[in-house]
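Position one of the sequence shown corresponds to residue 1134 (the working numbering), numbered consecutively onward. Data block below; observations after.
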Amino acid sequence: MTDPASCATEPGPCVPRETMTDTDAPAHSLAQALERLGSRPVVLVGLMGAGKTTVGRRLAQALNLPFVDTDGEIEAASRMSVSELFAAYGEPEFRALEARVVARLVEAGSQVIATGGGAFMSEATRRLLRERATTVWLRAEIDVLMERVLKRPTRPLLQTTDPRQTMLQLMERRYPIYAEADIHVESRNVRREQIVREIVDALAVPHNRRAEVIAS
1134 MTDPASCATE
1144 PGPCVPRETM
1154 TDTDAPAHSL
1164 AQALERLGSR
1174 PVVLVGLMGA
1184 GKTTVGRRLA
1194 QALNLPFVDT
1204 DGEIEAASRM
1214 SVSELFAAYG
1224 EPEFRALEAR
1234 VVARLVEAGS
1244 QVIATGGGAF
1254 MSEATRRLLR
1264 ERATTVWLRA
1274 EIDVLMERVL
1284 KRPTRPLLQT
1294 TDPRQTMLQL
1304 MERRYPIYAE
1314 ADIHVESRNV
1324 RREQIVREIV
1334 DALAVPHNRR
1344 AEVIAS
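Right, dumping it as structure tokens:
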């Protein structure tokens, strides 16, 4: 029996964590997820360090879909790193380029797309994704995020005197917007296959708008 305490209190189906294991997603869940997705891409959103690229690759493998990372697409097209683009053109120009890349990828249909942390902050991008994609927010606590991002000191938005405070400010500003995503999954320090399993289970739930997995 589902434990109500393990589920979200907000409307929408919830996948209780006690039903999940660290094994690969079962075939019936994968089939249901793919059926419900149809031609809609799965778009991962969340802050830097949430694991969008790592989880996205594994999710794409589980669903047998292509995987693409918007930052990677931008860097390949511009032949510049994200940090170099920020330095050369500024954040507004980068975000405009990012929005165009996201729109192009969504038009391509069925695939898994990992977006940059600021992509979902664009109202036009959110509107497009609501209409054409299924969005998954990889939500993470501050300690998890900082442990991960400090391993990569090139993050342009964290080039400040107090990266942790900067991250907290980003969380305060962005989390209410990320909450508009269709599915919320807690990103934490467990095997990535477990996170993938939770996403697949949520994708397989009927009427999965606002489905949420809550870490105990």
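All C-beta atoms, glycine included, are put in the ideal place defined by N, C-alpha and C.
Rounded C-alpha distance that separates residue i from residue j
{"i": "L1261", "j": "A1160", "result": "30 Å"}
{"i": "T1293", "j": "N1322", "result": "26 Å"}
{"i": "L1196", "j": "L1163", "result": "6 Å"}
{"i": "V1318", "j": "M1181", "result": "15 Å"}
{"i": "V1329", "j": "E1231", "result": "25 Å"}
{"i": "V1338", "j": "A1241", "result": "24 Å"}
{"i": "A1236", "j": "F1227", "result": "14 Å"}
{"i": "E1305", "j": "Y1311", "result": "11 Å"}
{"i": "R1297", "j": "R1281", "result": "12 Å"}
{"i": "E1264", "j": "L1218", "result": "29 Å"}
{"i": "L1336", "j": "E1168", "result": "9 Å"}
{"i": "R1285", "j": "D1276", "result": "15 Å"}
{"i": "A1220", "j": "E1331", "result": "37 Å"}
Nearest to residue i (by Cα), restricted to the options the options
{"i": "S1211", "options": "R1173, Q1194, V1234, A1241", "result": "V1234"}
{"i": "Y1308", "options": "R1281, P1296, E1274", "result": "E1274"}
{"i": "M1300", "options": "S1255, E1256, G1251, L1218", "result": "G1251"}
{"i": "L1271", "options": "E1264, F1253, L1283, R1263", "result": "F1253"}
{"i": "V1333", "options": "A1257, V1269, A1247, S1243", "result": "V1269"}
{"i": "E1224", "options": "E1331, S1255, A1247, S1243", "result": "S1255"}
Proximal residues to residue i (C-beta, below 6 Å), its chain only, five neighbours per side dropped
{"i": "E1206", "result": "V1234"}
{"i": "R1173", "result": "A1266, T1267"}
{"i": "Q1302", "result": "none"}
Cβ pair residue i, residue j closer than 7 Å
{"i": "G1249", "j": "D1204", "result": "yes"}
{"i": "L1192", "j": "V1245", "result": "yes"}
{"i": "V1178", "j": "T1267", "result": "no"}
{"i": "S1214", "j": "E1208", "result": "yes"}
{"i": "T1186", "j": "R1325", "result": "no"}
{"i": "A1183", "j": "S1320", "result": "yes"}
{"i": "V1201", "j": "L1238", "result": "yes"}
{"i": "L1283", "j": "S1243", "result": "no"}
{"i": "A1257", "j": "G1189", "result": "no"}
Sequence-distant residues of the same chain with beta carbon closer than 8 Å to residue i, five excluded per side
{"i": "Q1194", "result": "F1200"}
Contacting residues, own chain, Cβ-Cβ under 7 Å from residue i (five flanking each side not counted)
{"i": "D1295", "result": "none"}
{"i": "E1313", "result": "R1259"}
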